[in-house]
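Colleague: In my numbering, the protein residues as written are 90 to 291.
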Amino acid sequence: MTVDTSHAAEWLVVSASTAGASDSLRVQVWRKLRSLGALYLQQSVCLLPARERPVREVRRLSDRIRREGGTSRVLRMAFADPQEESDVIAELNSARDGEYAEVLERIPALRQELAQERARGRLTYAEVEESEADLNRFRSWLAKIRERDYFGAPMGDSARAAVADAAAELAAFEAAAWESEGSPSDASATGAAPRLRMVDPS
């Protein structure tokens, strides 16, 4: 992913207060803004680029906050100083790079496990399924980070490459497990007829 150094042109300033509303709403608001990659300017006030997804999700969130007893205001703004906007973009990229770094920190454990199981001769489909589930979690995690990576944080390419490398290693492991456990066509390939046990239907 090429780093996007362009400016957002328009930004959303989101002010959300859940005072007087339920505790669960406060948690859900925080989680939603975090999932969008909001940059907090101060308590209850955050900033997001006015892209299609943030605009849609913030509108829905704001409506919900008001319905459930809180207060919310969403303003559109543009930076008068390009350097200030660049600084904000750098902060957002830094936050995303922190998330990508977690992926890069944890993905080697999956690759190491595959290498250890291969070295021990434990080439089983059960291990393939377990590792595939782990890999899918990494893919899901990476997809969520990418959704809020509005400006192409520098470490994104490295994180995606690491997950792709792990997927390639898992594919090789699965092929080896297939060879080790034997394919369903082995019997026909050797000319041996499968042995069937007849069952009396009566």
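C-beta: ideal position from N, C-alpha, C; glycine also.
As the structure is a computational prediction, the values presented were derived from the model and not from experiment.
Buried or exposed for Gly-280, going by 16 or more other Cβ atoms inside 10 Å?
Modeller: Along the sequence shown, read from residue 1 onward, the residue named residue 280 stands at position 191. Note that Gly-280 has pLDDT 41, beneath the 50 cutoff, so the model's placement of it is unreliable and the number below is only indicative. Classification for Gly-280: exposed.
Colleague: For the alpha helix (DSSP H) that contains Ser-111, what are its first and last residues?
Modeller: As a working note, residue 111 is residue 22 in the sequence shown. Element bounds for Ser-111: n/a, residue is neither H nor E.
Colleague: Would DSSP call Ala-198 helix, strand or coil?
Modeller: Counting from one through the sequence shown, the residue named residue 198 turns up at place 109. Of the three classes helix, strand and coil, the one that applies to Ala-198 here is helix, per DSSP.
Colleague: Could you check what DSSP says for Arg-165 in three-state terms: helix, strand or coil?
Modeller: For the purposes of this step, residue 165 is taken as residue 76 along the sequence shown, with counting starting at 1. Reduced to three states, the DSSP call for Arg-165 is strand.
Colleague: Using only alpha-carbon positions, find the residue among Asn-182, Leu-203, Ala-105 and Arg-153 that is nearest to Asp-223.
Modeller: Locating residue 223 in the sequence shown gives position 134, where the first residue counts as 1. When only C-alpha atoms are compared, the closest one is Leu-203.
Colleague: Report the option in Glu-268, Ala-127, Glu-99 and Ala-260 whose CA atom is closest to the CA atom of Arg-185.
Modeller: Within the sequence shown, residue 185 is the residue found at index 96, counting from 1. Selected option, being the one with the closest Cα: Ala-127.
Colleague: Would a C-beta distance cut-off of 8 Å place Arg-200 and Ala-255 closer than the cut-off?
Modeller: By one-based count along the sequence shown, residue 200 stands at place 111. By one-based count along the sequence shown, residue 255 stands at place 166. Yes, these two residues count as a Cβ contact at 8 Å.
Colleague: For the beta strand (DSSP E) that Pro-138 lies in, which residues bound it at each end?
Modeller: Here residue 138 is taken as the residue at index 49 of the sequence shown, counted from 1. Segment 134–138, the beta strand (DSSP E) holding Pro-138.
Colleague: With respect to the beta strand (DSSP E) encompassing Tyr-129, which residues constitute its N-terminal and C-terminal limits?
Modeller: For the purposes of this step, residue 129 is taken as the residue at position 40 of the sequence shown. First-last of the beta strand (DSSP E) with Tyr-129: 128–131.
Colleague: For Gly-159 versus Ala-110, is the C-beta spacing smaller than 8 Å?
Modeller: Position 70 of the sequence shown, counted from the first residue, corresponds to residue 159. Position 21 of the sequence shown, counted from the first residue, corresponds to residue 110. Contact flag set, yes.
Colleague: Can you tell me whether Val-118 is buried or exposed, with buried defined as 16 or more other CB within 10 angstroms of its CB?
Modeller: Taking the first residue of the sequence shown as position 1, residue 118 is located at position 29. By the neighbour-count rule (16 or more Cβ atoms within 10 Å), Val-118 is buried.
Colleague: Can you tell me whether Leu-101 is helix, strand or coil according to DSSP?
Modeller: Position 12 of the sequence shown, counted from the start, is the residue given in the question as residue 101. Strand at Leu-101.
Colleague: Anyone know if the C-beta pair for Arg-145 and Ser-104 falls short of 8 Å?
Modeller: For the purposes of this step, residue 145 is taken as residue 56 along the sequence shown, with counting starting at 1. For the purposes of this step, residue 104 is taken as residue 15 along the sequence shown, with counting starting at 1. No, the Cβ-Cβ distance between Arg-145 and Ser-104 is not below 8 Å.
Colleague: So which of Asn-182, Leu-114, Gln-131 and Arg-165 has the shortest CA-CA distance to Leu-150?
Modeller: As a position in the sequence shown, residue 150 is number 61, starting the count at 1. Measuring from the Cα of Leu-150, the nearest candidate turns out to be Leu-114.
Colleague: Excluding the 5 residues flanking Val-252 on each side, which residues of the same chain have their C-beta closer than 8 Å to its C-beta?
Modeller: Counting from 1 along the sequence shown, the entry for residue 252 is found at position 163. The residues are Val-192, Ile-196, Leu-224, Phe-227, Arg-228 and Leu-231.
Colleague: Who are the near neighbours of Val-189 in its chain, counting only those whose CB is closer than 6 Å to its CB and skipping five residues on each side?
Modeller: Residue numbering aside, residue 189 sits at position 100 when the sequence shown is read from its first letter. Residue identity differs from the one stated: residue 189 is Tyr in this sequence, not Val. Only Met-244, Gly-245 and Ala-248 meet the Cβ criterion.
Colleague: If you measure between the beta carbons of Trp-100 and Leu-136, is that distance less than 8 Å?
Modeller: Sequence index remark: in the sequence shown, residue 100 carries index 11 (1-based). Sequence index remark: in the sequence shown, residue 136 carries index 47 (1-based). In this structure, Leu-136 lies closer than 8 Å to Trp-100 by Cβ.
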